[in-house]
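What follows is a short report on a single structure.
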Amino acid sequence: MVNKVLASFVVMDGMFVSMGAIMLGFSIIVQQTCFDTPTEGNEAARDLLYQKFPFTAGIVNAVFIFATFLATIPALATNNRSWLKLAAFMVVADAIFTLGIGVDLWVLTLKMKDEYFEIWTSQSPHVQDLMQTAFSCCGYLNSSSPAFVTDQTCPSPAAAALMRGCSTPLNSFGNTFVDNIFTAMFGMVGIDVVLVMATACLLKDRKERERFRHIDEKSGARGTF
0 MVNKVLASFV VMDGMFVSMG AIMLGFSIIV QQTCFDTPTE GNEAARDLLY QKFPFTAGIV
60 NAVFIFATFL ATIPALATNN RSWLKLAAFM VVADAIFTLG IGVDLWVLTL KMKDEYFEIW
120 TSQSPHVQDL MQTAFSCCGY LNSSSPAFVT DQTCPSPAAA ALMRGCSTPL NSFGNTFVDN
180 IFTAMFGMVG IDVVLVMATA CLLKDRKERE RFRHIDEKSG ARGTF
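Under numbering that gives the first Met the number 0, think of the first position of the sequence shown as 0, with each following residue one higher.
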């Protein structure tokens with residue numbers, strides 16, 4: 000008969016290591032591509048915002064997740080509860096680490112307008128043109144602060160003055176984008192919490208089985224458990 004407690008732990012352990020693989024792949028791929036020259040306004044707004052992300056912390060966290068997963072293997076292969084306890088402490092540490100990354104991204108949303116202002120002022124007229132075209136806006140705060148880039152969207156000062164500044168659409172874009180990512184990070188913390196609970200249940204199950212085994216050994220009914 001399948002041990003449901005053990006099966007639940009294995010499922011959560013698999014989800015846990017999958018979470019690490021996703022985090023590692025996302026961090027490495029995006030970190031390598033976000034500095035490419037943008038060809039479209041939405042791409043520019045996304046990649047320039049990506050450059051503010053803590054990708055190094057994400058990679059370190061993913062490596063720690065893999066190390067924690069490796070600690071669960073001897074715990075599954077043997078009945079030694081010490082490995083399970085070690086794995087539980089490591090999962091808790093990882094949950095705190097992941098939560099810290101999520102909070103860091105959440106804080107980014109609180110200062111999105113200022114972050115995009117720094118991004119905007121540091122870009123070339125070509126990149127500003129791309130974002131003006133994509134978001135149908137002129138300048139950042141308004142057409143004159145900072146001054147707009149002349150393009151098809153903003154062909155003249157008079158036309159640009161009638162258009163909104165890019166801060167509002169960029170902030171909306173950035174907040175929605177980062178919200179999805181830090182929500183995913185908090186979801187990963189949820190997986191950590193469930194894995195800790197599954198580990199605690201498995202520890203209790205093994206402790207009870209060991210107690211019953213000792214009782215049977217004393218009564219001469221060896222091998223019942």
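Yeah, the Cβ is synthetic: ideal placement off N, Cα and C, and Gly gets one too.
Residue 129, buried or exposed, once every other Cβ within 10 Å from all chains shown has been counted against 16 = If you number the sequence shown from 1, residue 129 lands on position 130. A residue is called buried once 16 or more other Cβ atoms fall within 10 Å of its Cβ, and residue 129 is buried on that count.
Look at the alpha carbon of residue 190 and the alpha carbon of residue 38, and state the distance between them as a whole number of angstroms.
-> For this step, residue 190 is matched to residue 191 along the sequence shown. For this step, residue 38 is matched to residue 39 along the sequence shown. If you draw a straight line from the Cα of residue 190 to the Cα of residue 38, it is about 37 Å long.
Return the Cβ separation of residue 173 and residue 141 in integer angstroms, given the expectation that the two are a contact with Cβ distance under 8 Å.
-> For the purposes of this step, residue 173 is taken as residue 174 along the sequence shown, with counting starting at 1. For the purposes of this step, residue 141 is taken as residue 142 along the sequence shown, with counting starting at 1. 19 Å between Cβ atoms; not a contact.
Closest by CA to residue 68, which one among 11, 151, 31 and 53?
-> As a working mapping, residue 68 is identified with position 69 in the sequence shown. Of the listed residues, the one whose Cα sits closest to residue 68 is 11.
Span of the alpha helix (DSSP H) holding residue 131?
-> On the sequence shown, residue 131 is found 132 positions in, with the first residue counted as 1. Run containing residue 131: 124-134, per the alpha helix (DSSP H) assignment.
Please determine, among 148, 152 and 147, the residue with the shortest C-alpha to C-alpha distance to residue 255.
-> As shown, the chain starts at 0 and ends at 224. That puts residue 255 outside it, with no answer to give.
CB contact flag (residue 45, residue 147, <8 Å) | Within the sequence shown, the letter at position 46 stands for residue 45. Within the sequence shown, the letter at position 148 stands for residue 147. In this structure, residue 147 does not lie closer than 8 Å to residue 45 by Cβ.
Under the DSSP definition of a beta bridge, which residues are partnered with residue 74?
-> Start at 1 with the first residue of the sequence shown, and residue 74 comes out as number 75. Answer is none; residue 74 lacks a bridge partner.
Roughly how many angstroms separate the alpha carbons of residue 221 and residue 198, rounded to a whole number?
-> As a position in the sequence shown, residue 221 is number 222, starting the count at 1. As a position in the sequence shown, residue 198 is number 199, starting the count at 1. In this prediction, residue 221 scores a pLDDT of 48, lower than 50, which makes its location untrustworthy; no coordinate-derived value is stated.
Inter-residue spacing [alpha-carbon to alpha-carbon] between residue 5 and residue 202 = Working through the sequence shown from its first residue, we reach residue 5 at position 6. Working through the sequence shown from its first residue, we reach residue 202 at position 203. Distance between the alpha carbons of residue 5 and residue 202: 10 Å.
Verify whether the separation of the beta carbon atoms of residue 43 and residue 100 is less than 8 Å.
-> For the purposes of this step, residue 43 is taken as residue 44 along the sequence shown, with counting starting at 1. For the purposes of this step, residue 100 is taken as residue 101 along the sequence shown, with counting starting at 1. It is not a contact, given that the beta carbons lie outside the stated cut-off.
Give the DSSP bridge partners of residue 143, in chain order.
-> Within the sequence shown, residue 143 is the residue found at index 144, counting from 1. Answer is 146.
Reference residue 70, options 82, 77 and 63, closest by Cα | Taking the first residue of the sequence shown as position 1, residue 70 is located at position 71. With distances taken between Cα atoms, residue 70 lies closest to 82.
Enclosing alpha helix (DSSP H) for residue 239 [first to last residue] = Nothing in the structure corresponds to residue 239, since the chain is present only between 0 and 224.
Environment of residue 114 [buried if 16+ CB atoms lie within 10 Å] | As a working note, residue 114 is residue 115 in the sequence shown. By the Cβ-count criterion, residue 114 is buried, with 16 or more other Cβ atoms from all chains shown falling within 10 Å of its own Cβ.
When you compare each of 60, 98 and 109 to residue 20 by their alpha carbons, which one comes out closest?
-> Translated into positions along the sequence shown, residue 20 becomes position 21. It is 60 whose Cα lies nearest to the Cα of residue 20.
Collapsed DSSP secondary structure at residue 227 in the structure displayed | Within the shown structure, residues of the chain are numbered from 0 to 224, placing residue 227 beyond reach of any answer.
When you compare each of 183, 65 and 75 to residue 90 by their alpha carbons, which one comes out closest?
-> For this step, residue 90 is matched to residue 91 along the sequence shown. Checked all of 183, 65 and 75; the closest Cα to residue 90 is 65.
What residues in its chain sit with their C-beta under 6 Å from that of residue 124, if we drop five residues either side in the sequence?
-> The residue given as residue 124 occupies position 125 in the sequence shown. Hits under 6 Å: 148.
How far does the alpha helix (DSSP H) with residue 112 in it reach, from first residue to last?
-> Taking the sequence shown and counting its residues from 1, one reaches residue 112 at position 113. Per DSSP, residue 112 belongs to the alpha helix (DSSP H) from 111-120.
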